[in-house]
Every structure is written in structure tokens, then in C-alpha cells.
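Undergrad: Numbering (the working numbering), first residue to last: 336 to 632.
We put the beta carbon where it would ideally sit given N, CA and C, even for glycine.
I have a structure I would like to understand better, so I am pasting it below and will then ask my questions one at a time.
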């Protein structure tokens, strides 16, 4: 009997090597396929996100065009729907002109906002003084402010700079988180005139303004619902007593909420943008704030 030849003796070694190489190539091919699939999925997601972003930006631009260039009334844009191949866009429009501005409004309106909220933690005049101390430059405190003390508590010294957001009032002395929720319907940082619009101010806020009261504020709300030709002048006559704080001029800022529905039967993503009138004709409006979130979570 002949023993196995040298070639036959090494044939098993060759077979194992080939199998190892084949296995390695198979794993590489599988990895490349996974990478290709991941890249395709990533590209699809990026394309979808880009489409959403473009639709949202275009919708906000359209709202701004109608408000500031065409001068269309807010009511004609609020609830407007655009049905496109990519999805359905819904516009919601309101204005912060009916809210007291933390940076632009005076002491009486700030106190009225606190009074309208129903809070009793401090006197409304004290709240107004603390807001003014916080926003105003300089070192002279308002009466009723904690800074009138020789050594104000740590962390309660006035910032002496404008409020950047409504939530900044959390740093005012004596303010609790629940207080902010109660004040939110009456305060803003996007009403630069500092005066209230009689067409947008909530009834409790108007009722808290000295000279207006509950009866007059109720009359104003009733007139706003009628939308008759003589409505504007009738409301203007009612607010004359507080003309330095409330008027009937068109707002300069608008809050635009865009809801985008793509694939499901509910809004998937949305954006809230605050638009303000521009300084000149080449820039009819500007975006003061942009807050985007997913609605279909």
C-alpha cells in the first residue's frame, strides 16, 4: 500500500485556507451590503427631513407675505390649509400684541398682568417693580424691590438687561414655577410697543387695567365678535380712558404656527415662528423666534 503523496498531504491545508478566505470575503460582502443599506436609509431620512424643513420654511414665508406685504387680516390666514403633493400644511396665526411685554410695558400694565393672573403671593405693584429692576440698566432699584435692602439675597440681584424669554421671570424673587404658568397667558417678550391691542388682549387682562374694568372689557369682547364696519371705532372710543396703555393699532408682531401632515392622518411635525415687521421695504418682515418640534410623537 502506498502512502499518501506530498500533494495529497497538503490538499487539506489548501482547502482550509480557501474556506477561510471565502468566509472572510462573505463577511466583507455582508458588511458592505449593510453599509449600503444604511447609507440608503440615511439618504432617505435626510431627504425626508429636508423636504419637511423646506415645507415649514415656505409656509412661514407665505404667512409673512400675506401678513406684511398683502396686509391681509389675521382672520383670513388663521386656519388656512395648503394641500400639496408632499402633504398638507395648516397655518395658525395669532398675535402677542394682546399681552404685556416684559421689556416694553410700563408698571401699570405689568401690575395688571399679575392682577389678571389671580396670584396673591405678592402685591401686583411689587411684581411690576421687580420686573423693571431686572430689565433696566443701572443700579437704582424700584420701591418694593429686594435690591432696596443693604445686602440683597444671593441670586436675587437684578440682571439689568432685557428679558430674553418669558421663563426668565423664574429668577425674580418670590416667583414659583406654578406662578409662571398662571402668568403665561398675559405676558410676552414679543410686543415691542409695550401697549396692548384691544383686538387681542384677553378679557381678564383688560378688566385689570385701571380705567377699563370688567364692564368695559366685556363690551370690547362682544364688539370684537361682531366684526361690523363700525366695530373699530366703537372699541377705540371705549379704550380712550386708557389710551396710553391700550389702543386699536394693527399689531407689529405675529405668532405663526405651522402644522405639517405628510403620511399619517395627524400632524407629524410643526414649527412656531414669531414674525415682526421689518425696518424697510426690502425686508418687509423678520423672524424673531423659531421653535420646531415633532407633533406625532
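For residue 471, collect the residues of the same chain with a Cβ closer than 7 Å to its Cβ; drop the 5 residues on either side in sequence, then sort them by chain order.
TA: The count along the chain shown starts at 1 and reaches residue 471 at position 136. For residue 471, where only same-chain residues beyond five positions count, the Cβ hits under 7 Å are 495.
Undergrad: Using a Cβ-Cβ cut-off of 8 Å (strictly less than) and excluding sequence neighbours within five positions of residue 421, which residues of its own chain qualify?
TA: The sequence position of residue 421 within the chain shown is 86, counting from 1. Excluding sequence positions up to five before and after residue 421, its CB lies within less than 8 Å of the CB of 386, 390, 597, all in the same chain and listed in chain order.
Undergrad: Is the CB-CB distance between residue 409 and residue 428 below 8 Å?
TA: In the chain shown, the residue the question calls residue 409 occupies position 74. In the chain shown, the residue the question calls residue 428 occupies position 93. Result yes, Cβ atoms of residue 409 and residue 428 sit closer than 8 Å.
Undergrad: Do you know offhand how far residue 417's Cα is from residue 584's?
TA: Within the chain shown, residue 417 is the residue found at index 82, counting from 1. Within the chain shown, residue 584 is the residue found at index 249, counting from 1. C-alpha separation (whole angstroms): 30 Å.
Undergrad: Do residue 533 and residue 504 come within 8 Å of each other at the CB atom, strictly closer than that value?
TA: Here residue 504 corresponds to residue number 169 of the chain shown, with the count starting at 1. Here residue 533 corresponds to residue number 198 of the chain shown, with the count starting at 1. Against a cut-off of 8 Å, the Cβ pair of residue 533 and residue 504 comes out as no contact.
Undergrad: Distance check for residue 426 and residue 398, CA to CA, integer angstroms please.
TA: Walking along the chain shown from the start, residue 398 turns up at place 63. Walking along the chain shown from the start, residue 426 turns up at place 91. Rounded to the nearest whole angstrom, the C-alpha separation of residue 398 and residue 426 is 8 Å.
Undergrad: Among 419, 466, 460, whose alpha-carbon lies nearest the alpha-carbon of residue 437?
TA: The residue you call residue 437 lines up with position 102 of the chain shown. The option with the nearest alpha carbon to residue 437 is 466.
Undergrad: Leaving aside the five residues before and after residue 628 along the sequence, list all residues of the same chain whose C-beta is less than 7 Å from its C-beta, in chain order.
TA: Taking the first residue of the chain shown as 1, we reach residue 628 at position 293. Result list for residue 628: 605, in chain order.
Undergrad: Would you report the Cα separation of residue 545 and residue 623, rounded to the nearest angstrom?
TA: Numbered from 1 along the chain shown, position 210 holds the residue referred to as residue 545. Numbered from 1 along the chain shown, position 288 holds the residue referred to as residue 623. Their backbone Cα atoms lie some 31 Å apart in a straight line.
Undergrad: When you compare the CB positions of residue 530 and residue 568, do they come within less than 8 Å of one another, or not?
TA: Here residue 530 refers to the residue found at position 195 of the chain shown. Here residue 568 refers to the residue found at position 233 of the chain shown. Result no, Cβ atoms of residue 530 and residue 568 do not sit closer than 8 Å.
Undergrad: Using 8 Å as the threshold, is the C-beta distance between residue 439 and residue 526 below it?
TA: Taking the first residue of the chain shown as 1, we reach residue 439 at position 104. Taking the first residue of the chain shown as 1, we reach residue 526 at position 191. The answer is yes: Cβ separation under 8 Å.
Undergrad: Put residue 429 into one of helix, strand or coil per three-state DSSP.
TA: Position 94 of the chain shown, counted from the start, is the residue given in the question as residue 429. Strand at residue 429.
Undergrad: In three-state terms, what does DSSP make of residue 607?
TA: Here residue 607 corresponds to residue number 272 of the chain shown, with the count starting at 1. Residue state, collapsed to three classes: strand.
Undergrad: Quick check on residue 625: buried or exposed, where buried means 16 or more other Cβ atoms within 10 Å of its Cβ?
TA: Position 290 of the chain shown, counted from the start, is the residue given in the question as residue 625. Exposed, by the Cβ-count rule.
Undergrad: With distances taken Cα to Cα, identify the nearest neighbour of residue 459 among 555, 556, 543, 550.
TA: Taking the chain shown and counting its residues from 1, the one referred to as residue 459 is at position 124. Selected option, being the one with the closest Cα: 543.
Undergrad: Within its chain, find whatever has a CB closer than 8 Å to the CB of residue 443; leave out the 5 residues flanking it on each side and keep chain order.
TA: One-based indexing of the chain shown puts residue 443 at position 108. Same-chain partners within the cutoff: 463, 544, 545, 580.
Undergrad: How many Å lie between residue 457 and residue 586 at the Cα?
TA: Counted from its first residue, the chain shown places residue 457 at position 122. Counted from its first residue, the chain shown places residue 586 at position 251. If I take the Cα positions, the gap works out to 31 Å.
Undergrad: So, for residue 520: in the same chain, excluding its five sequence neighbours on each side, which residues have a beta-carbon less than 7 Å away from its beta-carbon?
TA: Counting from 1 along the chain shown, the entry for residue 520 is found at position 185. Answer for residue 520: 537, listed in chain order.
Undergrad: Does DSSP put residue 593 in a helix, in a strand, or in coil?
TA: In the chain shown, the residue the question calls residue 593 occupies position 258. Three-state DSSP puts residue 593 in a strand.
Undergrad: Check this for me: beta carbons of residue 528 and residue 430, under 8 Å apart or not?
TA: Walking along the chain shown from the start, residue 528 turns up at place 193. Walking along the chain shown from the start, residue 430 turns up at place 95. Not a contact, by the Cβ cut-off of 8 Å.
Undergrad: Using the C-alpha atoms, what's the distance from residue 564 back to residue 672?
TA: Here the chain covers residues 336 to 632 and nothing more, so residue 672 does not appear.
Undergrad: When the Cα of residue 524 is compared with those of 455, 560, 610, 595, which residue comes out closest?
TA: Here the question's residue 524 lines up with position 189 in the chain shown. Nearest option by C-alpha distance: 610.
Undergrad: Is the distance from the Cβ of residue 518 to the Cβ of residue 449 below 8 Å?
TA: Stepping through the chain shown from its first residue, residue 518 is reached at position 183. Stepping through the chain shown from its first residue, residue 449 is reached at position 114. Yes. Within cutoff.
Undergrad: Residue range of the alpha helix (DSSP H) that residue 309 falls in?
TA: Lying before the first or after the last residue shown, residue 309 is absent from the chain, which here runs from 336 to 632.
Undergrad: Could you check which residue in 608, 547, 591 has the C-alpha nearest to that of residue 578?
TA: Locating residue 578 in the chain shown gives position 243, where the first residue counts as 1. The option with the nearest alpha carbon to residue 578 is 547.
Undergrad: Take residue 455 and list the residues in its own chain whose beta-carbon comes closer than 8 Å to its own, dropping the five residues that flank it on each side.
TA: Taking the first residue of the chain shown as position 1, residue 455 is located at position 120. Within the same chain, residue 455 has no close Cβ partners at all.
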